[in-house]
Amino acid sequence: MSVIGQAIEWIITELSKFVIATISLFGYSGIVLTMAIESACIPLPSEIIMPFSGYLVTTGQFTLVGVTLAGAVGNVLGSIVAYYGGVWGGRPLVERYGRYVLVSPHDLEVADRWFAKYGEAAVFFGRMLPVVRTFISLPAGIARMNFPRFVVFTFVGALPWCYLLAYVGVVMGEQWDNLRDYFHQFDIVIGLFLAVALGYFLWSHWPRRSRSPQ
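Okay, so the sequence shown: first residue is 81 according to the working numbering, each after it adds one.
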C-alpha cells in the first residue's frame with residue numbers, strides 16, 4: 081500500500097471513530113458539534129454523521145425529528161463561523177490554510193460560482209449539493225449577505241438534507257432483521273458504510289490537496 085493509501089486508511093479510521101464516539105457520548109449535542117465542524121469548512125462529511133445518527137433512531141436513542149433539527153442547528157452554527165471567516169479573512173484565508181484540511185481553491189471556486197450565479201438563493205439550495213454546501217458560507221460572508229437572511233436560508237436549506245441522510249440511517253437500521261443472518265453484528269454494516277462514504281470523500285479530495293499552492 082502506498083504512503084497516501086496508508087494515510088487515507090488512517091484518516092478513515094480516526095474520523096469514523098471520532099464521529100461515532102462524539103455522537104454516542106454527547107447525544108444530540110454530538111450531532112450539533114460534528115455538523116458544525118463540517119459547516120465551518122472542515123471536511124467532516126455529513127454523509128457519515130447523519131446516517132449514523134439515523135441508525136441510532138432505530139435503537140431508541142434519538143428521534144428522527146430530533147436528529148434532523150440537531151443537524152440543521154449544527155449546520156447553522158458552523159456556517160456562521162464560515163460566514164465571518166469570509167467577512168474578516170476572505171478567500172486568502174482559505175488559499176493559505178485550506179490545504180491542511182483537504183480544502184482546495186477549486187472547492188471555493190465552485191461555491192463562488194454558485195453564489196455569483198444564484199445570489200442569496202444559493203445559500204438555500206446549495207445546502208443539498210456536494211462541495212457547495214460546505215463552502216457556500218464563505219462567499220456569502222465575502223459578499224456581506226444580510227446576516228438574518230443568511231441564518232434563515234441556511235437553517236431551512238439544511239433541514240431536507242439532514243432529514244434525508246438521517247432517514248437513510250433509519251432504513252439501514254430497520255433492515256437489520258433481514259441482514260442478521262449474514263452479519264453477526266450490525267456495527268459491521270455501519271462500519272462498512274462509513275468506510276465507503278469517507279473513503280470516497282477523501283479519494284476525491286486528496287489529489288486536489290497536492291495541487292494546491294504551497
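No residue lacks a Cβ here, since even glycine has one placed at the ideal position from N, Cα and C. Here the structure is a predicted model, which means the values were calculated and not measured.
Simplified DSSP assignment, three categories, for residue i
| i | result |
| --- | --- |
| Arg-207 | helix |
| Pro-125 | coil |
| Thr-114 | helix |
| Gln-294 | Confidence in Gln-294 is poor, its pLDDT being 43 and thus under 50, which makes the residue's placement unreliable; the coordinate value appears in the next sentence. Coil, per DSSP. |
| Ser-96 | helix |
| Phe-216 | In the sequence on display, residue 216 carries Ile and not Phe. DSSP places Ile-216 in coil when its eight states are reduced to three. |
| Arg-229 | helix |
| Ala-191 | helix |
| Arg-288 | With a pLDDT of 48 at Arg-288, under the threshold of 50, the predicted position of this residue should be treated as unreliable, though the coordinate-derived value follows. If DSSP states are grouped into helix, strand and coil, Arg-288 belongs with the helices. |
| Ala-120 | coil |
Beta-carbon proximity of residue i to residue j, cut-off 9 Å
| i | j | result |
| --- | --- | --- |
| Ser-119 | Thr-214 | yes |
| Met-252 | Pro-125 | no |
| Val-250 | Tyr-135 | yes |
| Ala-162 | Gly-221 | yes |
| Ala-191 | Gly-206 | yes |
| Ala-246 | Val-137 | yes |
| Phe-227 | Val-156 | no |
| Met-208 | Gly-154 | no |
| Ala-150 | Ser-104 | no |
Rounded straight-line distance, which links the Cα of residue j to that of residue i
| i | j | result |
| --- | --- | --- |
| Val-212 | Gly-107 | 27 Å |
| Trp-194 | Gly-158 | 19 Å |
| Val-203 | Phe-142 | 28 Å |
| Trp-241 | Ile-160 | 18 Å |
| Lys-197 | Leu-218 | 15 Å |
| Phe-311 | Ala-201 | This structure cannot speak to residue 311, because the chain is shown only from 81 to 294. |
| Ile-129 | Ile-111 | 7 Å |
| Phe-230 | Ala-152 | 13 Å |
| Leu-113 | Glu-127 | 15 Å |
| Ala-101 | Glu-254 | 22 Å |
| Ala-223 | Gly-140 | 43 Å |
| Val-99 | Val-248 | 17 Å |
| Glu-189 | Glu-94 | 29 Å |
For residue i, the nearest candidate out of the options (CA to CA)
| i | options | result |
| --- | --- | --- |
| Val-307 | Phe-98, Ser-133 and Thr-114 | Since the displayed the chain opens at 81 and closes at 294, residue 307 lies outside it and no answer follows. |
| Gly-166 | Leu-244, Cys-121 and Ala-152 | Cys-121 |
| Leu-244 | Ser-109, Thr-148, Ile-100 and Glu-189 | Thr-148 |
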